[in-house]
Each structure stands twice: as C-alpha cells, then as structure tokens.
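Participant: Using my numbering, the letters of the sequence shown map in sequence onto residues 5 to 347. Glycine included, every Cβ here is placed at the ideal spot set by N, Cα and C.
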Amino acid sequence: MLKPEQKLVIHFHEQIDKLNGKMGHGVLRYSRNPVACAIDFNHGGRNTRELLGFGPDVPVVSSVGAAFEHGGEALVLGMAPSGGRLPPEMVAEVDRAVAGGMSVVNGLHEQLSPRYPDLAAGQWIWDIRQEPTGLDIASGRAAELTNRRALLVGTDMAVGKMTAGLEIWHAALEREIRAEFLASGQVGILISGQGIPLDAIRVDYACGAVEQMVLQAAAAELVIVEGQGSLLHPGSTSTLPLLRGTCPTHLILCHRAGMTELDTVGVTIKVPPLNEVIDLYQDVASACGLYPRPVIGAIALNTAHLADGEAARAVAQVADATGRLTVDPVRGGAGALVDALMA
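#1: Can you tell me where the alpha helix (DSSP H) with Val271 in it begins and where it stops?
#2: Can you give the Cα-Cα distance for Leu247 and Arg100, rounded to whole angstroms?
#3: Which ranges would you report for the beta strand (DSSP E) in the region 26-80 if only whole runs of at least 3 residues count?
#4: Using a Cβ distance threshold of 8 Å, determine whether the region 245-263 contacts the region 300-307, with at least three qualifying pairs required.
#5: Relative to the C-alpha of Pro333, which candidate in Ile193, Tyr295, Gln190 and Gly164 has its C-alpha closest?
#6: Return the residue from the list Thr167, Arg179 and Tyr209 that minimises the CA-CA distance to Ser196.
#7: Shortest alpha-carbon distance to Thr150 belongs to which of Ala224, Asp122 and Ala78?
#8: Assign Glu97 to one of two classes, buried (16 or more other C-beta atoms within 10 Å of its C-beta) or exposed (fewer than that).
#9: For the region 213-289, list the alpha helix (DSSP H) runs that are entirely contained and at least 4 residues long, ordered along the chain.
#10: Please name the residue, chosen from Ala344, Leu186 and Leu23, that lies closest to Glu215 on a Cα-to-Cα basis.
#11: Measuring only the C-alpha atoms, how far is Val229 from Leu156?
#12: Is Ser240 buried or exposed, if buried means 16 or more other CB atoms sit within 10 Å of its CB?
#13: In three-state DSSP terms, what is Leu12?
#14: Using only alpha-carbon positions, find the residue among Phe16, Asp343, Leu235 and His29 that is nearest to Val281.
#15: What does DSSP give as the partner residue(s) for Asn24 in the beta ladder?
#16: Hey, Ile132 and Gly111 are a contact pair by Cβ (cut 8 Å); roughly how many whole angstroms apart?
#17: Quick one, which of Leu341, Cys41, Asp122 and Glu171 has its alpha-carbon nearest Val62's?
#18: Would you mind working out which of Gly48, Val13 and Ala315 sits nearest Pro38, comparing C-alpha positions?
#19: Does DSSP put Ser143 in a helix, in a strand, or in coil?
#20: Taking the straight line between their C-alpha atoms, what separation do you get for Asp21 and Ala154?
#21: Taking the CB atoms as reference points, tell me whether Gly82 and Gly28 lie closer together than 8 Å.
#22: Helix, strand or coil: how does DSSP classify Ser351 here?
#23: I need the straight-line Cα distance from Arg206 to Pro85, nearest angstrom please.
#24: Sorted by chain position, which residues of the same chain lie with C-beta nearer than 6 Å to Ser107's C-beta, five sequence neighbours on each side aside?
#25: Would you mind stating whether Val109 and Val80 have Cβ atoms separated by less than 8 Å?
#26: One question on the structure: do Ala213 and Ile193 come within less than 8 Å of each other, judged by their Cβ atoms?
#27: Buried or exposed, going by whether 16 or more other CB atoms sit within 10 Å of the CB of Cys211?
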C-alpha cells in the first residue's frame, strides 16, 4: 500500500481553510510522506502555510491536472463532504488521477475500490474505512493490564483529540518511553499506520474492536488512544465504545478555547462547566465502580484560532477555572501532559 517515499497530493475540494478539511490538515502536519502539492478549487496559486499557518510550505493548485506537474503519486482525499460521499466534480477529479497513474487514499464512507477494478501494476486504492476481520464482543479485559492507558475525550467533535494524542505520543517517544498511539479514525490510521476505523464497525463489535487493539499494545508503557466524538453530542456513537474498550487509567479532556456551545450540531447545546464534563467522563468510565475510575491527566486546550497573547490568556483562564493542568500541546508542547500521565 502506501510507501514512505511516495509523494502525496492532498485534495481539499473547497475545504482547505475549513474544519471539514481536517483529514488533509492532519496529513500536512504529521505525515512522514513528502507532500507534493495540495488541491483546492478556490485557492490555486497560494500555499498551505499561508492559508493555514502550520505545516510545510506546500503549493496549492486548482486541479488534479496541475498536480501531475508537481510529481504527485498518491491522491489523498483530504476533505469530509456531506454524507461521506464524493460530489460529482470530485468523482471526475479522482477519475483523472487514477487514469493518470495515481493511487488513492480514501477516508470516506463511500468505498472507491469497486469503481476502479483495472489498476496498473503497483497502483492501489486504499479504502481506510473498512471493518477489520475477526472481531468479537468486548469483555473488559483491558482493565487487567498494568500499563497506563490514556484516552483523549472531548467537549465536541473536531476539538483536537487526534492532534493532542499525536503530540503526546511524539513527546513520549522523545523521552524514550515505550509509547503507542492507537488511531480510531481514518486520519490517525493514515498518519500512524495502525488503528481501527471505529465508525465503520458494527455497533455490537465496536467495544470489542477497541479492546482487541488495546490488548495488542499491552507491552507499551503508555498507550494513547485517539478519541472520537463527545458524550455531550447527540449524534456521537463512538465515545462509549472507546471508554469501555480501553478501560482507561487516564483521560485527557480536549476543548476548543472560548467554545460555549457545540459547534458541530444544528441546535443550541451549551457546554457545561469543564469540571462537570470531567466528572461525567469519569463517572461513565467507572460505571458505578465496576471499572477503574480514570485520572484526569489534564486539559488539552485548542487555541489554533487565537493569536499568541489571546491563547496564553485562554490557557490561564481555563487552568484558573478548573484548577487543573491546562496546555495547548501544539503551541506549548506536550511534555507537561506526558509528565502528568507518567506521574
């Protein structure tokens, strides 16, 4: 499948500067593969660092045709269209990429491999969201492990759970801690090379899939499990399987600075005080004492939308309001979070 030296082309459609471009944003920030260029219909001629403020300085072009001029070898679908299906103009773009010899990394619910049965030698379609084989019902066995298991949880979807987890993982590895990052979504799987696409797994097997993944990492001192969704969100189905399958010893609460209402749902749902959210997660995780009650390691605050001074004030305000260690792991580094998890 994807080889480390293959040059990526990230197709954002029209979402490079929007939350729904998070697949591509994650690849830009963390992928070990070189990125030849990005595609966005509205921003051709600019570059990703100018538009996003992070990652490598990658040129942005307006079509797959232009991407071939940059030596692209694998097209990454870096956006999240409504309903998880490609719009017609994107189908044509993927067709052109495949016809020109590119492979495709597809993180959408819609499977693309059946559309392209006749690929050239060495060409492939990676449909990430496929249910693994050999799954079983969970049994709570992760609670018997003796390592530290940190689950990233959040006040909403898309608040930085994967980013915080990856930053913690990298900081732990720098300290020569035997750490594993276990992805639970398509972006994390692409970046880390391991994990499960939790939202593609039948609900009866979701807890068991998480548990199997965590048990396979039993030799690690620190297991960092990528969170999904939020217990506060009415449409979130992945959070409880992650809590049950991981039986976490620690939780890191992720929150976007200044967010007072859920951003990813079409009705008004206010975010409770963060200490109440923390109590909720601990209570659900422990289930009246049936499972270990996890320690809240810290709060990971996403300040990406703020200027430096505003970000520093936001971190201080949350720390004062909650009495808990609060860090933006991207701006301030994740060392303090690792210290909290290993204490």
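Facilitator: According to the structure shown:
#1: Along the sequence shown, one-based indexing puts residue 271 at 267. First-last for Val271: undefined, no H or E at that position.
#2: Along the sequence shown, one-based indexing puts residue 247 at 243. Along the sequence shown, one-based indexing puts residue 100 at 96. Straight-line Cα distance between these residues: approximately 42 Å.
#3: 39-43
#4: yes
#5: In the sequence shown, counting from the first residue as 1, residue 333 sits at position 329. It is Gly164 whose Cα lies nearest to the Cα of Pro333.
#6: Within the sequence shown, numbered from 1, the residue matching residue 196 stands at position 192. Of Thr167, Arg179 and Tyr209, the residue nearest in Cα terms is Thr167.
#7: As a first step, residue 150 is located in the sequence shown; it is residue number 146 there, counting from the start. Checking every option, the nearest Cα to that of Thr150 belongs to Ala224.
#8: As a first step, residue 97 must be located in the sequence shown, where it is residue number 93. Flag for Glu97 reads buried.
#9: 243-250
#10: Here the question's residue 215 lines up with position 211 in the sequence shown. Out of Ala344, Leu186 and Leu23, Leu186 has the C-alpha closest to the C-alpha of Glu215.
#11: By one-based count along the sequence shown, residue 229 stands at place 225. By one-based count along the sequence shown, residue 156 stands at place 152. So the alpha carbons of these two residues sit roughly 6 Å apart.
#12: Locating residue 240 in the sequence shown gives position 236, counting from the first residue. It is buried - the Cβ of Ser240 has at least 16 other Cβ atoms within 10 Å.
#13: The count along the sequence shown starts at 1 and reaches residue 12 at position 8. Residue state, collapsed to three classes: strand.
#14: Walking along the sequence shown from the start, residue 281 turns up at place 277. The option with the nearest alpha carbon to Val281 is Leu235.
#15: Stepping through the sequence shown from its first residue, residue 24 is reached at position 20. Paired residues: none, contrary to the question.
#16: For this step, residue 132 is matched to residue 128 along the sequence shown. For this step, residue 111 is matched to residue 107 along the sequence shown. Going by Cβ atoms, the distance from Ile132 to Gly111 rounds to 5 Å, so yes, they are a contact pair.
#17: Residue 62 sits at position 58 when you count from the first residue of the sequence shown. Val62 has its Cα closest to that of Cys41, out of Leu341, Cys41, Asp122 and Glu171.
#18: The count along the sequence shown starts at 1 and reaches residue 38 at position 34. Ranking the options by Cα distance to Pro38, first place goes to Val13.
#19: Taking the first residue of the sequence shown as 1, we reach residue 143 at position 139. In this structure, Ser143 counts as coil in the three-state DSSP scheme.
#20: Locating residue 21 in the sequence shown gives position 17, where the first residue counts as 1. Locating residue 154 in the sequence shown gives position 150, where the first residue counts as 1. The alpha-carbon atoms of Asp21 and Ala154 are separated by roughly 30 Å.
#21: Here residue 82 corresponds to residue number 78 of the sequence shown, with the count starting at 1. Here residue 28 corresponds to residue number 24 of the sequence shown, with the count starting at 1. Yes, they are a contact pair.
#22: Nothing in the structure corresponds to residue 351, since the chain is present only between 5 and 347.
#23: Working through the sequence shown from its first residue, we reach residue 206 at position 202. Working through the sequence shown from its first residue, we reach residue 85 at position 81. Spanning the two alpha carbons is a distance of roughly 22 Å.
#24: Numbered from 1 along the sequence shown, position 103 holds the residue referred to as residue 107. Closer than 6 Å at the Cβ level, and outside the excluded window around Ser107, lie Ala78, Gln127 and Trp128.
#25: Working through the sequence shown from its first residue, we reach residue 109 at position 105. Working through the sequence shown from its first residue, we reach residue 80 at position 76. Cβ atoms of Val109 and Val80: closer than 8 Å.
#26: Here the question's residue 213 lines up with position 209 in the sequence shown. Here the question's residue 193 lines up with position 189 in the sequence shown. It is not a contact, given that the beta carbons lie outside the stated cut-off.
#27: Start at 1 with the first residue of the sequence shown, and residue 211 comes out as number 207. With 16 or more other Cβ atoms within 10 Å, it is buried.
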